[in-house]
């Protein structure tokens, strides 16, 4: 398949980055040698000021955005908190995010929720916290834009096309992909995007979040808490994910394959101008 | 595709169980109504004796095996610990696992590692803990068996075939599938299997673990710690997963599609008698 990078993409995956994939030799079902590229997976420990928060497994690109976005999406760095510095120490695989005022997240470490697709997932505090009273902007979504986005994202050079076994997410506005991140963890990719949005001051109101991952409850909640009114995936749904999306007014499109998809939430905001 | 359940399967998914999927109505890309079945996703809180350990998101079947297997795979219930009871309270979505002697897992709650594919993953203690000095049995693996297994598993009635957006795992011996579990979280499925193995006293030495999930570091580590000498997936690899597998002598087969696959670890234990 011929690949091409959309001109509107301000951040794109870099499949040519030698730090992100490794050439490995194996054998096929007949015992014949096979050479393939495999994505890297390395630990990154995230600190908030003096406190060690978590160690994530990541391919390793954009560590500052991943760390900031993780803390923002976990509610540990709030909208009002002033970030005074983000220091990445490649020697020890760590990122320190510094805020002007120490944040009060200790209480959030009390409970653990293991979330779908996880080895063991922890959501600090109640997964549903912050959803009460949340109202997303009622942004219209054109089918023609979705179909253009799906084609454009699938043709963009990526680690997925290069090595597979990786998840991707792309922030889009109308028919235009704006920022595309990949990682071994689908939530890492979304967290990198959240860190990029916070750093660049990108507003969520008129955006669409595309993910290769399944539309589980925590992906729906994360998208809603980010304030993005539309979530699109090539993968499928879970019933609770759909239920939450309908509650908070998030438009959810799944099973996006070529020009085809299924919309299970927010169809009243969709404009049917597609193929 | 015509489905059939292998006679050797002692535990199989139950796509007919009305608690595991929900019928939802949506629309397609043309705005035409679409009715589809979507997998459920609900919280299950796991207690070890008096202590709340974690809340996992699960489809909801086999809660006792999931709870026990989670605790076993986290090293919170060790080989020597006598389990005196497992009580599931469907009213409050909780399972209490009781042991004769209180286990000392508090220290393991100190550090958190978010693992690939996670919202936020926590591995209690060092992910690599327990791998030092681990030697897996050098069990031979026949290509013909793998090809039969792949076909048999893909044709077994499952929630994946019914609703999609779900992961599966199957414990196998030679050409025979023995126990097949599914869940929204790929690790939940493996944990249910671990709980079943512990309950039934099933030994790992001559088994193969089949998973639909990617062969990331934590999946490789989990399989190795379970003592299963071979790990097979229809999905791809990460470099660190392969590195760990080679270190501990775990045979790893990925990208299994029909009769085709790639072996990146343990090829010296594979018998090339396939198609």
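Protein chains in written order, with the numbering used here: chain A, 4 to 278; chain B, 4 to 278. Glycine included, every Cβ here is placed at the ideal spot set by N, Cα and C.
- Here residue 105 of chain A carries a coil assignment [DSSP, helix/strand/coil].
- Counting C-beta atoms within 10 angstroms of its own C-beta, residue 85 of chain A has fewer than 16 neighbours from the protein chains shown and is therefore classed as exposed.
- Contacts with chain B at 9 Å (Cβ-Cβ) do not include residue 215 of chain A.
- In this structure residue 15 of chain A touches residue 159 of chain A by the C-beta definition: roughly 6 Å separates them, less than 8 Å.
- The beta carbons of residue 196 of chain B and residue 72 of chain B sit about 7 Å from each other, so the pair counts as a contact at 8 Å.
- Within chain A, the residues 265 have their CB atoms less than 7 Å from the CB of residue 39 of chain B, given in chain order.
- In summary, residue 268 of chain A is buried, with 16 or more beta-carbon neighbours lying within 10 Å of its beta-carbon over all protein chains present.
- Here residue 275 of chain B is exposed. Its C-beta has fewer than 16 other C-beta atoms within 10 Å.
- Of the residues A/179, A/245 and A/142, the one whose Cα lies closest to the Cα of residue 148 of chain A is A/179.
- If you compare the alpha carbons of B/277, B/5, B/260 and B/232 with that of residue 138 of chain B, the shortest gap goes to B/232.
- Taking each of A/17, A/254 and A/194 in turn and checking the Cα distance to residue 271 of chain A, the smallest one comes out for A/254.
- Per DSSP, the unbroken alpha helix (DSSP H) holding residue 200 of chain B starts and ends at 189-203.
- Within the DSSP secondary-structure output, residue 240 of chain B pairs in a beta bridge with B/218.
- Taking 9 Å as the CB threshold, residue 67 of chain B stays off the interface with chain A.
- At a cut-off of 9 Å between beta-carbon atoms, residue 221 of chain B makes contact with chain A.
- Its Cα nearest to that of residue 136 of chain B, the residue B/230 stands out among B/234, B/230 and B/8.
- When C-alpha distances from residue 151 of chain B are compared across B/23, B/17, B/259 and B/101, the shortest belongs to B/259.
- For the alpha helix (DSSP H) assignment, the uninterrupted runs of no fewer than 4 residues enclosed by the segment 34-91 of chain B are, from N- to C-terminal side, 66-76.
- As a beta-bridge residue in DSSP terms, residue 179 of chain A pairs with A/176.
- Collapsing the DSSP output to three states places residue 271 of chain A in a helix.
- When the five nearest sequence neighbours on each side are left out, the beta carbons in the same chain lying within less than 7 Å of the beta carbon of residue 209 of chain A are those of 142 and 176, in order along the chain.
- Pairing residue 100 of chain A with residue 51 of chain A, the inter-Cα distance amounts to about 5 Å.
- For residue 13 of chain A, the closest of A/5, A/244 and A/174 by C-alpha to C-alpha distance is A/174.
- In this structure, residue 181 of chain A keeps its C-beta atom at 9 Å or more from the C-beta atom of residue 219 of chain A.
- A direct Cα-to-Cα measurement between residue 74 of chain A and residue 140 of chain B gives close to 42 Å.
- For the pair residue 104 of chain A and residue 54 of chain A, the Cα-to-Cα distance works out to about 13 Å.
- When secondary structure is reduced to three states using DSSP, residue 225 of chain B falls in the helix class.
- Around the Cβ of residue 248 of chain B, a 10 Å sphere holds 16 or more other Cβ atoms; the residue is buried.
- For residue 22 of chain B, there is no enclosing alpha helix (DSSP H), as DSSP marks it with neither H nor E.
- Residue 222 of chain A sits close to residue 189 of chain A, with the two beta carbons spaced by under 9 Å.
- Contact between residue 67 of chain A and residue 198 of chain A holds: CB atoms are separated by about 7 Å, below the 8 Å threshold.
- Going by beta carbons, residue 273 of chain B and residue 257 of chain B fall outside the 9 Å limit.
- In this structure residue 193 of chain B is not in contact with residue 169 of chain B, their Cβ atoms being roughly 13 Å apart against a cut-off of 8 Å.
- With a 10 Å radius around the Cβ and a threshold of 16 neighbouring Cβ atoms, residue 9 of chain A comes out buried.
- By the neighbour-count criterion, in which a residue is buried when 16 or more other Cβ atoms sit within 10 angstroms of its Cβ, residue 217 of chain B is buried.
- The distance from the Cβ of residue 63 of chain A to that of residue 22 of chain A is about 6 Å, consistent with a contact at the 8 Å cut-off.
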